[in-house]
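Undergrad: One structure follows; several queries about it will come next.
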Amino acid sequence: MTNSFETVYNVPLTCQSCIDSVSKAIEKNEGIEGVSCDLKAQTVCVRGTTPPSQIIASIQDTGRDAIIRGTGKPNSAGVCILEDFTEHISGNDNKRDVYGLARIIKINEDESFVDLTLSGMQPKCSYFASFRESGDLSNGALSTGKSLYNLPKVTSDNDGNCQEYVSVPLPLSQLIGRAMTVSRDEYKVFKDSMAGVIARSAGAWENDKYVCSCTGKNIWQERVDAKLRGIN
Numbered sequence: 002m003t004n005s006f007e008t009v010y011n012v013p014l015t016c017q018s019c020i021d022s023v024s025k026a027i028e029k030n031e032g033i034e035g036v037s038c039d040l041k042a043q044t045v046c047v048r049g050t051t052p053p054s055q056i057i058a059s060i061q062d063t064g065r066d067a068i069i070r071g072t073g074k075p076n077s078a079g080v081c082i083l084e085d086f087t088e089h090i091s092g093n094d095n096k097r098d099v100y101g102l103a104r105i106i107k108i109n110e111d112e113s114f115v116d117l118t119l120s121g122m123q124p125k126c127s128y129f130a131s132f133r134e135s136g137d138l139s140n141g142a143l144s145t146g147k148s149l150y151n152l153p154k155v156t157s158d159n160d161g162n163c164q165e166y167v168s169v170p171l172p173l174s175q176l177i178g179r180a181m182t183v184s185r186d187e188y189k190v191f192k193d194s195m196a197g198v199i200a201r202s203a204g205a206w207e208n209d210k211y212v213c214s215c216t217g218k219n220i221w222q223e224r225v226d227a228k229l230r231g232i233n
């Protein structure tokens, strides 16, 4: 991938020392072209080709957390929360464990970049992610139709975590509204395969909301809830 993109994060910043610490941690990553911090707005803007999940991990290494507020230009980013629908299919509609998150960024009109993070998987096992024809999750992965595109195999580490950064020859516009699945088999999905629908997410500087109008919680309270569900 050669095209760079801009991502904006909310990060707790209290002084210049915080800015220096966060900037230094981010700049250690390969593919960083620029980092700018706004103490008043509590934001960090990163330009480059480094996956957002890698940036978040670097910020967390400084003892702080980070929330992505927007990536790329308007209408150039998507997100997919990957859940286990086993209990849902069995009739327990409120039980869907989260095992992963995929961030998808438009690189050009015919190419997208996928930043996939999985956790809670079986250690040292192979998994296969794919984009599907349908966005129907009524039966989890089983109702998502045929595979539209298969991503390369990813292998979990000793703790059951997986990370994959890969470009795919598909425009983001073709992926929005479709499902993404993660299966133990390269060509089949199962009742317990992870699945989610790809939705549009905000571009850089498009999202300045601090309090959710639905829950009344601020972004950091929402962040705690998300992490409890397994969304990092």
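At position 170 of the sequence shown the residue is numbered 171 (the working numbering), and the sequence of numbers has no breaks. Positions of the beta carbon are idealized from the N, C-alpha and C atoms, including for glycine. As the structure is a computational prediction, the values presented were derived from the model and not from experiment.
Compare the Cα-Cα distances from G124 to each of D111, E84 and R185 and report the closest residue.
TA: Strictly speaking, residue 124 in this sequence is Pro, with Gly absent from that position. With distances taken between Cα atoms, P124 lies closest to R185.
Undergrad: Is the number of C-beta pairs between the region 55-64 and the region 17-31 that are closer than 8 Å three or more?
TA: A contact exists between the region 55-64 and the region 17-31.
Undergrad: If you run the structure through DSSP and keep just helix, strand and coil, what is Q123?
TA: Correct three-state label for Q123: coil.
Undergrad: Can you check DSSP and say which residues form a bridge with T182?
TA: S131 and A196.
Undergrad: Alpha carbon to alpha carbon, what distance is there between Q17 and M195?
TA: Roughly 42 Å between the two C-alpha positions.
Undergrad: Would you report the Cα separation of K147 and T15, rounded to the nearest angstrom?
TA: K147 and T15: Cα-Cα distance of roughly 50 Å.
Undergrad: Please classify N109 as buried or exposed, where buried requires at least 16 other C-beta atoms within 10 Å of its C-beta.
TA: With fewer than 16 Cβ atoms within 10 Å of its Cβ, N109 is classed as exposed.
Undergrad: Kindly identify the DSSP beta-bridge partner or partners of T44.
TA: Beta-bridge pairing links T44 to N11 and D39.
Undergrad: Check A67 in the structure and name its three-state DSSP category.
TA: Correct three-state label for A67: coil.
Undergrad: Run through the DSSP bridge pairs and tell me what V190 is partnered with.
TA: Looking at the DSSP assignment, V190 forms no beta bridge with any residue, so it has no partner.
Undergrad: Locate the beta strand (DSSP E) running through C19, then write down its first and last residues.
TA: Counting along the chain, C19 falls outside any beta strand (DSSP E), though it belongs to the alpha helix (DSSP H) covering Q17 to E28.
Undergrad: For E51, count the other beta carbons within 10 Å of its own beta carbon; 16 or more makes it buried, fewer makes it exposed. Which is it?
TA: A quick correction: the sequence has Thr, not Glu, at residue 51. Flag for T51 reads buried.
Undergrad: Between the C-alpha atoms of N11 and G161, what's the straight-line distance to the nearest angstrom?
TA: Straight-line Cα distance between these residues: approximately 28 Å.
Undergrad: Using DSSP with H/G/I as helix, E/B as strand and the rest coil, what is S59?
TA: Helix at S59.
Undergrad: For F114, is the classification buried or exposed, using 16 other Cβ atoms within 10 angstroms of its Cβ as the cut-off for buried?
TA: So F114 counts as buried.
Undergrad: S174 lies in the beta strand (DSSP E); which residues open and close that run?
TA: Per DSSP, S174 belongs to no beta strand (DSSP E); it is in the alpha helix (DSSP H), L173 to L176.
Undergrad: Quick test of the definition: if touching needs 3 or more C-beta pairs under 8 Å, does the region 174-183 touch the region 61-75?
TA: Touching, no, given that fewer than three Cβ pairs across the two stretches are closer than 8 Å.
Undergrad: So K107 and G73 are supposed to be a Cβ contact under 8 Å. How far apart are they, rounded?
TA: Right, the Cβ-Cβ distance comes to about 6 Å (below 8 Å), so this counts as a contact.
Undergrad: Measuring CB to CB, does P53 end up less than 8 Å from D116?
TA: Yes, the Cβ-Cβ distance between P53 and D116 is below 8 Å.
Undergrad: Under a three-way DSSP split, which group does T87 fall into?
TA: If DSSP states are grouped into helix, strand and coil, T87 belongs with the helices.
Undergrad: From I56 to R201, what distance separates their C-alpha atoms?
TA: Using only the alpha carbons, I get a separation of about 21 Å.
Undergrad: Once the 5 residues before and after S77 are set aside, which same chain residues still bring their CB inside 8 Å of it?
TA: So the list reads F6, I106, K107, L173 and G204, once near-sequence residues are dropped.
Undergrad: What three-state label does DSSP hand S54 in the structure shown?
TA: S54 falls in the helix class under three-state DSSP.
Undergrad: Quickly, what does DSSP pair T156 with across the bridge? List them, please.
TA: In the DSSP output, where bridge partners are listed per residue, T156 has S127.
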